[in-house]
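Asker:
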Amino acid sequence: MCGIVAALAARNVQGILLEGLKRLEYRGYDSAGMAVLNEAGALTRQRAKGKVAALEEKLVHGALTGRIGIAHTRWATHGKPSEVNAHPHLARERLAIVHNGIIENFEPLKRELEGDGVVFESETDTEVVAHLIARAFVETDDLLAAVQTTLDRIDGAYALAVMHADAPREIVGARKGSPLVVGVGIDENFLASDALALLQVTDRFIYLQEGDVVRLSDNRGIEIVAADGSPAERPVHAFEHGDSAASRGEYRHFMLKEIHEQPAVIAATLEGRLSGSHVLESSFGVGARGLFERVAQVHIVACGTSYHAGMVARYWLEKLAGLPTTVEVASEYRYREVVVPADTLFVTLSQSGETADTLAALRYAKSRAKTSGYLGALAICNVPGSSLTRESDLALMTQAGPEIGVASTKAFTTQLVALMLLTLSLRKSRGDERETTLVQALRGLPTVLDSALAMDGPIAELSEAFAEKHHALFLGRGTQFPIALEGALKLKEISYIHAEAYPAGELKHGPLALVDADMPVVAVAPNDELLEKLKSNLQEVRARGGELFVFADEGVALTAADNLRVLHVPAVDEFLAPIVYTIPLQLLSYHVAVLKGTDVDQPRNLAKSVTVE
Ligand code: HGA
1 MCGIVAALAA RNVQGILLEG LKRLEYRGYD SAGMAVLNEA GALTRQRAKG
51 KVAALEEKLV HGALTGRIGI AHTRWATHGK PSEVNAHPHL ARERLAIVHN
101 GIIENFEPLK RELEGDGVVF ESETDTEVVA HLIARAFVET DDLLAAVQTT
151 LDRIDGAYAL AVMHADAPRE IVGARKGSPL VVGVGIDENF LASDALALLQ
201 VTDRFIYLQE GDVVRLSDNR GIEIVAADGS PAERPVHAFE HGDSAASRGE
251 YRHFMLKEIH EQPAVIAATL EGRLSGSHVL ESSFGVGARG LFERVAQVHI
301 VACGTSYHAG MVARYWLEKL AGLPTTVEVA SEYRYREVVV PADTLFVTLS
351 QSGETADTLA ALRYAKSRAK TSGYLGALAI CNVPGSSLTR ESDLALMTQA
401 GPEIGVASTK AFTTQLVALM LLTLSLRKSR GDERETTLVQ ALRGLPTVLD
451 SALAMDGPIA ELSEAFAEKH HALFLGRGTQ FPIALEGALK LKEISYIHAE
501 AYPAGELKHG PLALVDADMP VVAVAPNDEL LEKLKSNLQE VRARGGELFV
551 FADEGVALTA ADNLRVLHVP AVDEFLAPIV YTIPLQLLSY HVAVLKGTDV
601 DQPRNLAKSV TVE
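With UniProt numbering, the residue at position 610 of the sequence shown is 610, and numbering never jumps.
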């Protein structure tokens, strides 16, 4: 979601902040702004509705000059997208703040401040925080203390960065529920929502923890105060993925680049986790072996695309490991009175590790750990140091590298690989032939995915049949049902075509009524035990004049005919088929979106790393 960048340097910061905002654009936003304290000690500000390019245009005519500044891309939660509501917000013309998240109790606080004579300029919840800190600063004359006093009064989620004209060489940041990292430079320091925003100035980062408040200053460097008020030392991490992640390279869109990165990032996710013929449980963290031996069932909780990965894993865990498994979206799970049988492993999936609903679900599960049957919590996540991994007992990191496209691709397939590693680790009959075969198939997976990517040309051609349509139906059975759901979600997200997915056997129980020449039907048909049943379902569609597009195993005898187009997918072990069949569906939605001319990497209304509930 929206992004923060802040810089305290010995040089002019406008360029650093602007570049940082550009690098955060992938997260989705509706307006942008920047405030810089100039050498005369005055706060100067520029804001614009729309893209960062609109802000940049303003800066061309009205540059902000100074060695300290904060900047923001906003994704509106309180008040419409507009210049007035864009951050930074000011208080008493001396304080500037940028904020990610939501202040839940802003209304009573606003009334209190209005009673004190404060006149609000914007409709945002954030402006309340600006005035509270400015008022506290008058009493404390210390920006860090003023922020701490204010945080004690606010409920909700936030990452924020604040500066004050009367503390001219200080920036104070805080995080609770939204991410914030410190970029460690040489005689200059930074804050940002994501390390990617700062790779042009540093590759060393401190990942702040929940409840941390941090002060960057010239004389004291980086001071961190933990949630309990005590000074804290946090490790400095070197960023491992290089800066290439932030550039599209030869590709037209980040999404296409990320689709093509899948063979390499899946190889990286497997790296060091397989030994000869079996999976190394130590990849899940210290104590994983002892915990896994006791697991009798699994609860998986996630949102969006990650939820679909969890749905695939349910089939695997039941069939390969014999473990009863439930999968649920986090925003539902957290409000249920969940009944937890003894010896249940709680698993969360999130690309960013900051997804607010998933984090809240983890906290809910942990709050019930003593009275419920949860053995422990495992996070499968792509961002090291994220809240989800820190708050879980065990973590398995996917190695997808930074994912910039809002519509998830490589994060999804690496999650599937991680879930297969989990499934194999949870089997009671470790090291048997089944495990050996699957470990070998996993090793060969990057090569199979390379062949699946070679379907790009024919799929680009096929996409023309979708570009003018308003609806589409996706069908699959077994592990391919969640893949159909994911295919439909991708099409919705980036091409804005209404798409639905059904288990193919459900077709005749309702959705068949929708099938006609205007409703393209996409089916995924690997060579598994459900193939014959699926073929009958496809006949049902053809008999109603529906136009069918089938992604079928190269060994499946299906001949193209009128209204039936068949694209062959490379053969693979049936358990890994969901990972391979994801690729053509990603490519299909990508090409349809390109034909429609939508904003592929930043689709409307959506944001990456959904840090609000
Ligand atoms: N609530 C603030 C910040 C919005 C935000 O964090 N979006 O992700 C606002 O509406 O301005």
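Quick reminder that beta carbons are idealized off the backbone N, C-alpha and C, glycines included.
Taking 7 Å as the cut-off, is the CB of L102 close to at least one heavy atom of the ligand HGA?
Answerer: Checking the sequence shown, residue 102 turns out to be Ile, not Leu. Checking every heavy atom of the ligand HGA against the Cβ of I102, one is found closer than 7 Å.
Asker: Considering only the alpha carbon of each residue, which of A96, G3, L18, L21 lies closest to L37?
Answerer: A96
Asker: State the Cα-Cα distance for the pair G476 and Y502, rounded to the nearest angstrom.
Answerer: Between G476 and Y502, the C-alpha separation is close to 7 Å.
Asker: Can you check which of these residues, L151, S178, E547, L143, is closest to R169 by C-alpha distance?
Answerer: L143
Asker: Looking at the strands, I want to know which residues DSSP matches up with T325.
Answerer: V298
Asker: Touch check for the stretch 316-333 and the stretch 380-390: three-plus C-beta pairs under 8 Å?
Answerer: no
Asker: Check this for me: beta carbons of A361 and L396, under 8 Å apart or not?
Answerer: no
Asker: Closer than 7 Å: is that where the CB of T126 sits relative to any heavy atom of the ligand HGA?
Answerer: Indeed, a heavy atom of the ligand HGA lies less than 7 Å from the Cβ.
Asker: So which of A159, E240, T358 has the shortest CA-CA distance to Q209?
Answerer: A159
Asker: Going straight from the alpha carbon of S372 to that of L291, what length do you get?
Answerer: 16 Å
Asker: Starting from the Cα of residue 614, find the closest Cα among V201, A513, S352 and give me that residue.
Answerer: Nothing about residue 614 can be reported from this structure: the residues present for the chain run from 1 to 613 only.
Asker: Would you kindly check if the distance between the Cβ of R434 and the Cβ of residue 627 is under 8 Å?
Answerer: No answer is possible for residue 627: it lies beyond the span of the chain, which begins at 1 and ends at 613.
Asker: Buried or exposed for P263, please, with buried defined as at least 16 other CB atoms from any protein chain shown within 10 angstroms of its CB.
Answerer: buried
Asker: Quick check: the stretch 489-498 against the stretch 583-594, are there 3 or more CB pairs under 8 Å?
Answerer: yes
Asker: Under the three-state reduction of DSSP, which class applies to G229: helix, strand or coil?
Answerer: DSSP places G229 in coil when its eight states are reduced to three.
Asker: Please report the distance separating the alpha-carbon of A407 from that of P584.
Answerer: The alpha-carbon atoms of A407 and P584 are separated by roughly 15 Å.
Asker: Does DSSP classify N537 as helix, strand or coil?
Answerer: The three-state secondary structure of N537, taken from DSSP, is helix.
Asker: Return yes when the Cβ of V5 is within less than 8 Å of the Cβ of A174, no when it is not.
Answerer: no
Asker: I need the straight-line Cα distance from E25 to V138, nearest angstrom please.
Answerer: 36 Å
Asker: What does the alpha-carbon distance come out to for the pair I238 and I579?
Answerer: The sequence as given places Ala at residue 238; Ile does not occur at that position. Distance between the alpha carbons of A238 and I579 is about 31 Å.
Asker: Measure from the alpha carbon of R390 to the alpha carbon of each residue in A167, E83, R234, then state which is nearest.
Answerer: R234 is the residue among A167, E83, R234 whose C-alpha sits nearest the C-alpha of R390.
Asker: How is the alpha helix (DSSP H) around A593 delimited, first residue to last?
Answerer: 577-596
Asker: Using 10 angstroms around the beta-carbon of T150, count the other beta-carbons present and answer buried if the total reaches 16, otherwise exposed.
Answerer: buried
Asker: How many Å lie between H61 and Q46 at the Cα?
Answerer: 10 Å
Asker: Given a threshold of 16 other Cβ atoms within 10 Å of its Cβ, counted over all protein chains shown, does P482 qualify as buried or as exposed?
Answerer: buried
Asker: Could you tell me which whole beta strand (DSSP E) segments of length 3 or greater appear in the UniProt domain "SIS" (288-432)?
Answerer: 297-302, 325-329, 344-350, 374-381, 394-397
Asker: Under 7 Å Cβ to Cβ from E104, same chain only, skipping five residues before and after it: list those, please.
Answerer: D155, G156
Asker: Looking at the strands, I want to know which residues DSSP matches up with E19.
Answerer: Paired residue(s): none; E19 is not in a bridge.
Asker: Let me confirm a value: I186 is counted as buried when at least 16 other C-beta atoms fall within 10 Å, else exposed. Which label applies?
Answerer: Counting the other CB atoms within 10 Å of its CB gives I186 a total below 16, which places it among the exposed residues.
Asker: Measuring CA to CA, which of T77, E19, L576 is closest to A313?
Answerer: L576
Asker: Report whether the distance from the Cβ of H78 to the nearest heavy atom of the ligand HGA is below 7 Å.
Answerer: Yes, Cβ of H78 sits closer than 7 Å to a heavy atom of the ligand HGA.
Asker: Leaving out the 5 sequence neighbours to the left and right, which residues in its chain are closer than 7 Å to L345 when beta-carbon positions are compared?
Answerer: V295, V298, L375, G376, L378
Asker: Considering only their Cβ atoms, is the gap separating V265 from K410 smaller than 8 Å?
Answerer: yes
Asker: Residues in the same chain with beta-carbon distance under 7 Å from K257, minus the five sequence neighbours each way, listed in chain order, please.
Answerer: Once the five neighbours on either side are set aside, the close Cβ partners of K257 are R248, G249, Y251.
Asker: Using CA atoms only, rank isn't needed, just tell me which of A571, G555, Y335 is closest to E613.
Answerer: Y335
Asker: Return yes when the C-beta of L316 is under 7 Å from any heavy atom of the ligand HGA, and no when it is not.
Answerer: Looking at the sequence provided, one finds Trp at residue 316 rather than Leu. The answer is no for W316.
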